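Heads up: the structure comes next, in C-alpha coordinates.
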Amino acid sequence: MVFDAASPVFRPQGNAYNESHTNEAGSNSNDGVQHNTDNLGALSEKFSDVVRASDQPLYSGSKTHSQLSAVARYKPTRDQNPHCKKSAYATLRYLPITLQLQRLYASNTTSEHMSWHATHETESGVMYHPSDAEAWKHFNETHPDFALEPRNVRLGLCADGFAPHG
22 MVFDAASPVF RPQGNAYNES HTNEAGSNSN DGVQHNTDNL GALSEKFSDV
72 VRASDQPLYS GSKTHSQLSA VARYKPTRDQ NPHCKKSAYA TLRYLPITLQ
122 LQRLYASNTT SEHMSWHATH ETESGVMYHP SDAEAWKHFN ETHPDFALEP
172 RNVRLGLCAD GFAPHG
(Lines of atoms letter the chains of each structure in order from A and count residues from 1; the text may use other names and numbers.)
(Lines give C-alpha, C1' and ligand atoms only; values in the text may rest on other atoms or scores of the structure.)
Protein backbone atom coordinates (compact mmCIF):
# COMPACT_ATOMS: atom_id res chain seq x y z
CA MET A 1 0.00 0.00 0.00
CA VAL A 2 2.73 2.45 0.93
CA PHE A 3 4.68 1.47 -2.18
CA ASP A 4 1.65 2.00 -4.40
CA ALA A 5 1.06 5.47 -2.94
CA ALA A 6 4.73 6.53 -3.12
CA SER A 7 5.44 4.90 -6.45
CA PRO A 8 4.41 7.78 -8.71
CA VAL A 9 6.42 10.23 -6.63
CA PHE A 10 9.74 8.34 -6.50
CA ARG A 11 9.60 6.50 -9.84
CA PRO A 12 11.89 7.95 -12.51
CA GLN A 13 10.30 9.48 -15.63
CA GLY A 14 9.38 6.88 -18.23
CA ASN A 15 9.62 3.95 -15.81
CA ALA A 16 6.36 2.04 -15.91
CA TYR A 17 5.42 -0.03 -12.89
CA ASN A 18 4.16 -3.47 -13.82
CA GLU A 19 1.49 -4.73 -11.40
CA SER A 20 2.10 -8.37 -12.38
CA HIS A 21 5.78 -8.12 -11.44
CA THR A 22 5.11 -9.00 -7.81
CA ASN A 23 2.69 -11.53 -6.45
CA GLU A 24 0.46 -11.01 -3.42
CA ALA A 25 3.22 -11.96 -0.98
CA GLY A 26 5.46 -9.30 -2.47
CA SER A 27 8.18 -11.61 -3.80
CA ASN A 28 9.39 -11.48 -7.35
CA SER A 29 7.76 -14.20 -9.39
CA ASN A 30 9.23 -13.17 -12.72
CA ASP A 31 12.75 -12.11 -11.80
CA GLY A 32 14.47 -13.92 -14.66
CA VAL A 33 16.18 -16.42 -12.35
CA GLN A 34 15.28 -20.07 -12.54
CA HIS A 35 14.53 -21.44 -9.10
CA ASN A 36 15.29 -25.11 -8.59
CA THR A 37 12.80 -26.49 -6.10
CA ASP A 38 13.42 -30.17 -6.90
CA ASN A 39 16.00 -30.57 -4.12
CA LEU A 40 14.10 -28.85 -1.32
CA GLY A 41 12.82 -32.12 0.16
CA ALA A 42 16.34 -33.56 0.40
CA LEU A 43 17.73 -30.34 1.88
CA SER A 44 15.02 -30.15 4.51
CA GLU A 45 15.65 -33.80 5.37
CA LYS A 46 19.38 -33.08 5.81
CA PHE A 47 18.54 -30.15 8.07
CA SER A 48 16.20 -32.35 10.11
CA ASP A 49 19.01 -34.91 10.48
CA VAL A 50 21.36 -32.21 11.79
CA VAL A 51 18.75 -31.04 14.29
CA ARG A 52 18.18 -34.64 15.44
CA ALA A 53 21.95 -35.15 15.79
CA SER A 54 22.18 -32.09 18.01
CA ASP A 55 19.85 -33.83 20.47
CA GLN A 56 21.60 -37.22 20.37
CA PRO A 57 24.39 -37.82 22.91
CA LEU A 58 27.88 -38.37 21.55
CA TYR A 59 28.04 -41.74 23.30
CA SER A 60 25.70 -43.54 25.66
CA GLY A 61 25.81 -41.89 29.05
CA SER A 62 27.06 -38.52 27.77
CA LYS A 63 25.02 -35.68 29.20
CA THR A 64 27.09 -32.71 28.07
CA HIS A 65 28.25 -33.46 24.51
CA SER A 66 26.19 -34.17 21.41
CA GLN A 67 27.29 -35.36 17.99
CA LEU A 68 26.85 -31.86 16.61
CA SER A 69 28.86 -30.18 19.38
CA ALA A 70 31.74 -32.60 18.83
CA VAL A 71 31.87 -31.91 15.10
CA ALA A 72 31.53 -28.16 15.61
CA ARG A 73 34.39 -28.16 18.10
CA TYR A 74 36.80 -29.85 15.71
CA LYS A 75 35.79 -27.92 12.59
CA PRO A 76 38.36 -25.21 11.96
CA THR A 77 36.87 -21.86 11.08
CA ARG A 78 38.23 -19.00 9.03
CA ASP A 79 38.16 -16.88 12.21
CA GLN A 80 40.77 -19.16 13.76
CA ASN A 81 43.06 -18.97 10.73
CA PRO A 82 42.29 -15.99 8.47
CA HIS A 83 45.20 -16.79 6.11
CA CYS A 84 43.82 -20.18 5.18
CA LYS A 85 41.40 -20.24 2.26
CA LYS A 86 40.47 -23.91 2.53
CA SER A 87 40.51 -25.68 5.87
CA ALA A 88 40.24 -29.42 6.24
CA TYR A 89 37.99 -30.89 8.89
CA ALA A 90 39.64 -32.83 11.65
CA THR A 91 38.44 -36.41 11.62
CA LEU A 92 36.46 -37.32 14.68
CA ARG A 93 35.35 -40.91 14.81
CA TYR A 94 33.29 -42.61 17.45
CA LEU A 95 34.88 -45.96 18.24
CA PRO A 96 32.44 -48.33 19.89
CA ILE A 97 34.88 -50.64 21.67
CA THR A 98 32.54 -52.23 24.19
CA LEU A 99 31.77 -55.23 21.99
CA GLN A 100 35.43 -55.78 21.13
CA LEU A 101 36.39 -55.75 24.83
CA GLN A 102 33.59 -58.20 25.63
CA ARG A 103 34.93 -60.55 22.96
CA LEU A 104 38.43 -60.33 24.43
CA TYR A 105 37.21 -61.32 27.88
CA ALA A 106 34.92 -64.07 26.53
CA SER A 107 37.90 -66.19 25.50
CA ASN A 108 39.95 -67.90 28.23
CA THR A 109 43.15 -67.48 26.21
CA THR A 110 42.87 -63.74 25.66
CA SER A 111 41.48 -62.96 29.11
CA GLU A 112 44.72 -64.27 30.68
CA HIS A 113 46.70 -61.90 28.48
CA MET A 114 44.42 -58.99 29.42
CA SER A 115 45.62 -59.12 33.04
CA TRP A 116 49.28 -59.89 32.29
CA HIS A 117 50.36 -56.36 33.24
CA ALA A 118 49.37 -57.03 36.86
CA THR A 119 51.11 -60.42 37.23
CA HIS A 120 54.33 -60.22 35.22
CA GLU A 121 57.69 -60.00 36.98
CA THR A 122 60.05 -57.20 36.09
CA GLU A 123 63.68 -56.39 36.59
CA SER A 124 64.26 -53.04 38.21
CA GLY A 125 65.15 -50.34 35.71
CA VAL A 126 63.94 -52.34 32.68
CA MET A 127 60.66 -51.42 31.04
CA TYR A 128 58.88 -54.34 29.37
CA HIS A 129 55.39 -52.91 29.31
CA PRO A 130 53.80 -49.47 29.88
CA SER A 131 52.68 -50.82 33.27
CA ASP A 132 56.33 -50.58 34.34
CA ALA A 133 56.38 -46.82 33.66
CA GLU A 134 56.11 -44.15 36.34
CA ALA A 135 52.91 -42.77 34.79
CA TRP A 136 51.16 -46.14 35.24
CA LYS A 137 52.31 -46.40 38.84
CA HIS A 138 51.16 -42.83 39.52
CA PHE A 139 47.74 -43.65 38.03
CA ASN A 140 47.48 -46.71 40.31
CA GLU A 141 48.28 -44.56 43.35
CA THR A 142 45.84 -41.84 42.32
CA HIS A 143 42.96 -44.26 41.55
CA PRO A 144 43.33 -47.22 43.94
CA ASP A 145 39.77 -48.49 43.35
CA PHE A 146 40.45 -48.85 39.63
CA ALA A 147 43.88 -50.41 40.24
CA LEU A 148 42.50 -53.15 42.53
CA GLU A 149 40.90 -55.01 39.62
CA PRO A 150 43.66 -56.22 37.25
CA ARG A 151 41.12 -56.88 34.48
CA ASN A 152 40.24 -53.18 34.15
CA VAL A 153 41.32 -51.82 30.79
CA ARG A 154 43.35 -48.63 30.58
CA LEU A 155 42.88 -46.78 27.34
CA GLY A 156 45.43 -44.13 26.46
CA LEU A 157 44.63 -41.21 24.22
CA CYS A 158 47.53 -39.82 22.23
CA ALA A 159 47.03 -36.34 20.88
CA ASP A 160 49.33 -33.58 19.68
CA GLY A 161 52.25 -33.34 22.08
CA PHE A 162 50.79 -35.73 24.62
CA ALA A 163 51.81 -39.31 25.29
CA PRO A 164 50.33 -40.80 28.47
CA HIS A 165 53.13 -43.33 29.03
CA GLY A 166 56.02 -41.40 27.56
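In this text, residue positions in the sequence shown follow our numbering: the first is 22, and each later residue adds one. Built from N, CA and C at the ideal position, the CB exists for glycine as well. If you're wondering where the values come from, they're calculated on a predicted model, not measured in any experiment.
- Task: Inspect the beta-carbon positions of H138 and H150 and report whether they are closer than 7 angstroms.
- Result: Residue 138 sits at position 117 when you count from the first residue of the sequence shown. Residue 150 sits at position 129 when you count from the first residue of the sequence shown. Inclusion of H138 and H150 in the CB contact set at 7 angstroms is warranted, their separation being smaller than that value.
- Tell me where the alpha helix (DSSP H) around T163 begins and ends. Looking up residue 163 in the sequence shown gives position 142. In the DSSP annotation of this structure, the continuous segment of the alpha helix (DSSP H) that includes T163 starts and ends at 155-163.
- Can you check DSSP and say which residues form a bridge with P171? Indexing the sequence shown from 1 puts residue 171 at position 150. As computed with DSSP, P171 is found in no beta bridge at all.
- Message: How far does the alpha helix (DSSP H) with Q123 in it extend, from its first residue to its last?
- Response: Taking the first residue of the sequence shown as position 1, residue 123 is located at position 102. Run containing Q123: 119-127, per the alpha helix (DSSP H) assignment.
- Starting from P151, follow its DSSP beta bridges and name the residues at the other end. Taking the first residue of the sequence shown as position 1, residue 151 is located at position 130. According to DSSP, P151 bridges with nothing at all.
- Who pairs with S87 in a beta bridge, going by DSSP? Looking up residue 87 in the sequence shown gives position 66. Answer by DSSP bridge pairing, in chain order: P78.
- Query: Is the beta carbon of L176 within less than 6 angstroms of some heavy atom of the ligand MG?
  - Reply: No copy of the ligand MG occurs in the structure displayed, which carries no ligand at all.
- Which of helix, strand or coil does DSSP assign to S145? Translated into the one-based positions of the sequence shown, residue 145 becomes position 124. Residue state, collapsed to three classes: coil.
- Task: Decide if S128 is buried, meaning its Cβ has at least 16 other Cβ atoms within 10 Å, or exposed.
- Result: The residue given as residue 128 occupies position 107 in the sequence shown. Counting Cβ neighbours within 10 Å, S128 comes out exposed, since fewer than 16 surround it.
- Item | Sub-7 angstroms separation of S145 and R172 beta-carbons | Position 124 of the sequence shown, counted from the first residue, corresponds to residue 145. Position 151 of the sequence shown, counted from the first residue, corresponds to residue 172. Going by C-beta atoms, S145 is not nearer than 7 angstroms to R172.
- Item | Cutoff 6 angstroms; reference T85; Cβ partners in own chain excluding five residues on either side | Here the question's residue 85 lines up with position 64 in the sequence shown. Closer than 6 angstroms at the Cβ level, and outside the excluded window around T85, lies no residue.
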